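Written below as C-alpha cells is the structure these notes are about.
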Amino acid sequence: MDAPPLERLEPWLAGVMQKLEPRERGRLSRKIGKALRDANARRIRDNVQPDGSPMEPRKPKADKRGRLRRRKGRMFPKTALARNLKVRTSADEVEIAFTPRISGTASVHHFGLTAPVDPKIPNSIEIRYPARRLLGFAPDDIEAIDKAVMDHMSG
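Count the sequence shown with our numbering and you get residues 4 to 158, in order.
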C-alpha cells in the first residue's frame with residue numbers, strides 16, 4: 004500500500020528544514036503557511052472539500068408565496084478572507100486556523116454539529132448541519148508546499 008503524499012513529503016521537508024538556520028526556517032514556514040492558506044481559501048470559496056468532492060449544498064428556502072427558490076452565491080463568503088483565516092508559524096510548525104469570531108461557525112460546519120439557526124434570537128431552533136470539511140490537505144497542497152520550498156531555496 005502506498006503512503007499518503009504528505010507522509011512521503013515529510014522526511015524530505017524535515018531534511019531541508021534541518022539544514023536551515025532557525026530564522027530561515029521561520030521564513031520558509033511562513034511561505035508554506037501562506038501557500039496552504041491560499042489553497043484552503045480557494046477551496047472554501049469554490050465550495051469544494053479538501054478531498055475534491057463538492058460541499059453539500061444549502062437547503063432551498065421558501066419565498067413569501069411558499070415557492071422554493073435556490074440560494075445563489077457562496078456558502079461561506081467571509082470565512083475564506085485572509086483576515087479570518089490566520090497562519091501561525093514558528094521555526095518548527097505551521098498552523099492554519101480561523102479567528103475566534105469565525106471559529107464557532109466554522110467548527111459547526113466542519114464537524115457537522117448541532118447549532119441554533121440564529122444565535123442572536125433566544126430559543127432559536129437548533130438543527131444539525133451537514134459536515135462540510137473546510138480545512139485539510141488536498142493532493143494539490145503537496146505541490147504548493149514543494150513549490151514554496153523550491154522558491155525559497157532558489158531565491
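Backbone N, C-alpha and C define an ideal beta-carbon position, used for all residues, glycine too.
Please read all numbers here as calculations on a predicted model, not as lab measurements.
Which of helix, strand or coil DSSP assigns to residue i
| i | result |
| --- | --- |
| Leu16 | helix |
| Ala109 | helix |
| Phe114 | helix |
| Val152 | helix |
| Arg28 | helix |
| Ile99 | strand |
| Leu84 | coil |
8 Å Cβ shell around residue i - same chain, five flanking residues per side excluded
| i | result |
| --- | --- |
| Leu71 | Pro63, Lys64 and Ala65 |
Beta-carbon contacts of residue i that lie in its chain and below 6 Å, excluding the five residues immediately before and after
| i | result |
| --- | --- |
| Thr117 | Glu129 and Arg131 |
Exposed unless 16 or more other CB atoms sit within 10 angstroms - verdict on residue i
| i | result |
| --- | --- |
| Ile124 | exposed |
| Phe114 | exposed |
| Asp121 | exposed |
| Gln21 | exposed |
| Ser56 | exposed |
For residue i, the residue or residues it bridges with in DSSP
| i | result |
| --- | --- |
| Val90 | Ile99 |
| Pro57 | Val51 |
| Ala65 | Leu71 |
Q. Which runs of the beta strand (DSSP E), 3 residues or longer, sit entirely within the segment 117-150?
A. The qualifying runs are 117-119 and 129-131.
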